[in-house]
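In our numbering, the protein residues as written are -5 to 651. Backbone N, C-alpha and C fix where the C-beta goes; we use that ideal spot for every residue, glycine too. Everything below concerns the one structure shown next.
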Amino acid sequence: MQNKGKYYITTAIAYTSGKPHIGNNYEVVLADSIARYKRKDGYDVFFQTGTDEHGQKIELKAAEAGVTPKAFVDNVAGTIRGLCDLLNISYDKFIRTTDDFHEKQVQKIFKRLYNQGDIYKGAYEGMYCTPCESFWTESQLKDGKCPDCGREVKPAKEEAYFFKMSKYADRLIEHINKHPEFIQPVSRKNEMMNNFLLPGLQDLCVSRTSFKWGIPVDFDDKHVVYVWLDALTNYITGIGYDADGDSTDQYKKLWPADLHLIGKDIIRFHTIYWPIFLMALGEKLPHQIFGHPWLLQNNDKMSKSKGNIMYADDLAELFGVDAVRYFVLHEMPFENDGSITWDLMVERLNSDLANTLGNLVNRTISMSNKYFDGVVENKDAKEAVDDDLKAAVTGAYDKVEAKMDELRVADALTEIFNVFRRCNKYIDETEPWVLAKNEARKDRLATVLYNLVEGISIGAGLLEPFMPETAQRIMSQLNSQIRDFDSVKTFGMYVSGTKVTETPEILFARLDPKEIDAKVAELAERQMAEAGAVQTKESDTDVINIEPKDEITYDEFARMQFQVGEIISCEAVPKSKKLLCSQVKVGSQVKQIVSGIKAYYSPEEMVGKKVMVLVNLKPAKLAGVMSEGMLLCAEDADGNLALMTPEKTMPSGAEIM
RNA sequence: GGCGAAGUAGCUCAGUUGGCUAGAGCACGCGGUUCAUACCCGCGGUGUCGAGGGUUCGAAUCCCCCCUUCGCUACCA
């Protein structure tokens, strides 16, 4: 196999706030298949994955668990790495953002960008819009007011460092236009262009002072480096980048990356911020960023409280590692989210793995044993039907290669299984059991079985990158070695006269949907119990800290008029996704109030509630509807809302003070 | 509200620059076969190609409009 050059592939690094589900692991399986394929195809592959371990969420979770953040992430990172190993992921490097070398480089990078003026310290005076909760730079203000809502902006407390994104925007736009392959699938490219690049990029906040669990800015240690500059740079620090120009040979060889494989939710950071960071550092841009779709169950996102999270280890226990790999790879379309149910999974595994593949291997070996005591010999008794089989089998590589070039892994797998389907058909065409009854046809029978073994060997050779263990099991039973890609294009490489195993093992047992259902129900129960336990625990201990606002005087407070209001009717606001419009009786008057709470309350359940109303807020139009006040809500860290209602019965109009 | 994507057989989806009776896998039905994990092989669809207009000799494929779903984004007092 010729050397086709280096190939550097990465996955996104997994956030260590908890155990990832199969929808997260999907990415690393996909990356692994590509990495293994490229390796086998003659590329010098380097495959990096890892964990993203900083941030406020982890700081909080660790505090909750009563351990240090480091101990917390050590534990979760161990779990994540364990799942990778379980899934047979052939990573060359598993990076953690708490690794020394990474932290040092991030500090150096930060400093360098600061020194060259790309990062500047934000001075917020007069630039924070409280209602919008947004920071603005001088240049973004419109007539000195918030560019979003047009209201006064005021000084803010927290200082932070910003990255000048706009400086590089034109270069990035040009790059994206010149390299249509840069963002995949292309529909994502339009989103990035239309929503961010063309309207103009805002500067990105790259430091925080509100939590400590991060990489300190070494020349200003009140600050820690905020997520993206920390996380994204793993792609270069992991292979030996040095911000002072002393990068390793490995870095020089591998960079730029050939493929960043990521979820579609973080495309923006990878196709905008990351390239701009690289430009600022004077480094080349990665060749391609592929934002893959998600693995959804019943079109819902998975969640613990629904009890429908599929974890890789549970799945592997139920179905086996390669079955899980096959399933996620096969079922995932290229552009749209994949839809997954347990039933689909059982069906897929039964029909493809057990029936088509497993049974083919089994019946072939059985016949070899039955008719020739397991010795597979090419007697060269050819017939016309053989030609089509041979063509189909030896031509498969080219078809697979074409699909893989487009990263269409699911389609590549289908091509491989077409080889096995073709072999099954060949058995019917040649009817070995008929040949066996005729002593004069003995050589023909031997040849047929040889052809089958050869076809299976080639199929297994193609299958190896996707299902490495299965390929190995097949070849062990055939008492031969796994084929490289050179020897999967010519027919007849299986050593004639080899004796196959006497006792073929079942590669994939057929699954009974009922049994699986029962086991799934068990899993769901366990999950919901855990979720319940966590929730009650969290409700006791969970706290939220928000940014402190400026002190106000009593007079300022007294200017706000709060009253109890009774909701007498409520309906959704047409043309809006999140708004409800309520008629609220406050004393003897009725106010129309629009609130962004549709996701948490239905119009029906709103009616009759007594709620806390800010009455003397200046009326404003929302989505074309007049709103004459504000319903007050509490909001948790996940953005869930709860209306404030009086603790005892109070008449409508009662003042709140 | 802005931008974009998708709507094709019961299910999951293919359908390249418009062109021959619209396809695959699974499921289902019938037939064949028995080496094999009740498996494999063959055959089978009246599918309004979301609705309606239009361009064309000809449209699932291009244009217009509408409906539905989804994504990104904004708003969410």
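* Measure from the alpha carbon of I359 to the alpha carbon of each residue in S563, E496, Y420 and R520, then state which is nearest. => E496
* Asked: By how many angstroms is the C-alpha of G36 removed from the C-alpha of D243?
  -> 21 Å
* Asked: Is DSSP giving Y320 helix, strand or coil here?
  -> Correct three-state label for Y320: helix.
* What are the boundary residues of the beta strand (DSSP E) that H217 is part of? -> It is not in any beta strand (DSSP E) - H217 carries neither H nor E in the DSSP assignment.
* Asked: For D478, which option in V494, S451 and P498 has the closest C-alpha, if you only look at C-alpha atoms?
  -> It is S451 whose Cα lies nearest to the Cα of D478.
* DSSP state of K493, grouped into three classes? -> strand
* Tell me which same chain residues have a C-beta within less than 8 Å of the C-beta of G390, skipping the five on either side of it? -> Correcting the residue identity first, residue 390 is Ala in this sequence and not Gly. E409, I410, N412, V413, I452, G453, L456 and V482, listed in sequence order.
* **CB of S576 within 8 Å of CB of M606, strictly** => No, these two residues do not count as a Cβ contact at 8 Å.
* I261 by DSSP, collapsed to three states: which one? -> helix
* Check T242 in the structure and name its three-state DSSP category. => coil
* Do the segment 339 to 348 and the segment 308 to 318 make contact, defined as three or more Cβ pairs closer than 8 Å? -> yes
* Asked: CB-CB under 8 Å to S582, same chain, minus the five flanking residues each way: which ones, in chain order?
  -> G647
* G72: which of Y229, D86, R90 and G60 sits nearest, CA to CA? -> R90
* To do: Assign V180 to one of two classes, buried (16 or more other C-beta atoms within 10 Å of its C-beta) or exposed (fewer than that).
  => exposed
* Would you report the Cα separation of R435 and D405, rounded to the nearest angstrom? -> 39 Å
* Is it the case that the Cβ atoms of Q654 and T4 are separated by a distance below 8 Å? -> Because the chain spans -5 through 651 in this model, residue 654 falls outside it and cannot be assessed.
* To the nearest angstrom, how far is it from the Cα of S589 to the Cα of M624? -> The straight-line gap from Cα to Cα measures roughly 7 Å.
* Asked: Do the CB positions of E649 and K604 come within less than 8 Å of each other?
  -> Contact flag unset, no.
* Could you tell me the boundaries of the beta strand (DSSP E) in which V607 lies? => K604 to L608
* To do: With DSSP collapsed to three states, give me the class of A154.
  => coil
* **Three-state secondary structure assigned by DSSP to P210** => Strand, per DSSP.
* The alpha helix (DSSP H) with M469 in it runs from where to where? -> P462 to Q471
* Could you give the DSSP three-state label for T43: helix, strand or coil? => strand
* Would a C-beta distance cut-off of 8 Å place G111 and F156 closer than the cut-off? -> no
* Asked: Are the beta-carbon atoms belonging to G44 and I7 less than 8 Å from one another?
  -> yes
* Every unbroken beta strand (DSSP E) within the segment 430 to 457, with a cutoff of 3 residues, ordered by chain -> none
* For L192, count neighbouring Cβ atoms within 10 angstroms of its own Cβ and tell me buried if that reaches 16, exposed if not. => Under this definition L192 is an exposed residue.
* **Length of the line joining the Cα atoms of M487 and D380** => 16 Å
* Does DSSP put V601 in a helix, a strand or coil? -> It is coil, neither helix nor strand.
* To do: Report buried or exposed for G670, applying the criterion of at least 16 other Cβ atoms within 10 angstroms of its Cβ.
  => The displayed coordinates of the chain run from -5 to 651. Any statement about residue 670 would go beyond what the structure contains.
* Ends of the alpha helix (DSSP H) at E409? -> V403 to T424
* Asked: Since D26 and S84 are thought to touch, with beta carbons under 8 Å apart, how far apart are those beta carbons, to the nearest angstrom?
  -> 6 Å
* Where D236 and I52 are concerned, what is the direct C-alpha to C-alpha distance, given to the nearest angstrom? -> 28 Å
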